[in-house]
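Undergrad: Numbering (this note's numbering), first residue to last: 19 to 125.
Don't be surprised by glycine CBs; every beta carbon is placed ideally from N, CA and C.
All values derive from a computational prediction rather than experimental measurement.
#1: Look at residue 93 and residue 87 and say whether their C-beta atoms are less than 8 Å apart.
#2: Where does the unbroken beta strand (DSSP E) through residue 99 begin, and where does it stop?
#3: Which whole runs of the beta strand (DSSP E) in the region 49 to 87 are 3 residues long or more, in chain order?
#4: Could you have a look at residue 90 and say whether DSSP puts it in helix, strand or coil?
#5: State the DSSP-derived secondary structure class of residue 28, mapped to helix, strand or coil.
#6: What do you get for residue 34, buried or exposed, if any count of 16 or more other CB atoms within 10 angstroms of its CB means buried?
The following block contains the structure:
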């Protein structure tokens with residue numbers, strides 16, 4: 019159930035990132051993180067482009083094991099970004115419940 023919850027969260031974050039992109043013309047920088055989906059980043063402070071919040075919550079969710087989702091912009095392999103939960107153990111790699119759940123492998 020926790021793996022499915024992480025996949026659900028990541029899909030919701032991906033949709034929020036797409037909306038952010040449509041409004042602002044870019045994705046949040048790694049340094050701004052996913053918090054840019056809740057409050058405007060400094061680079062967009064006072065800008066009419068930011069039309070969020072883009073997530074329907076007051077804070078960025080943690081993964082089902084209580085860890086922050088990792089956001090990297092740009093992502094690996096020429097992806098625009100990567101969103102990652104490191105699974106139950108909270109470290110890269112692993113199998114089963116410890117396997118990484120990412121925006122590029124949630125199919």
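TA: Here's the rundown:
#1: Against a cut-off of 8 Å, the Cβ pair of residue 87 and residue 93 comes out as no contact.
#2: From DSSP, residue 99 is part of no beta strand (DSSP E); its letter is neither H nor E.
#3: Whole beta strand (DSSP E) segments, 3+ residues: zero.
#4: Three-state DSSP puts residue 90 in a strand.
#5: Helix.
#6: Its Cβ being crowded by 16 or more others within 10 Å, residue 34 is buried.
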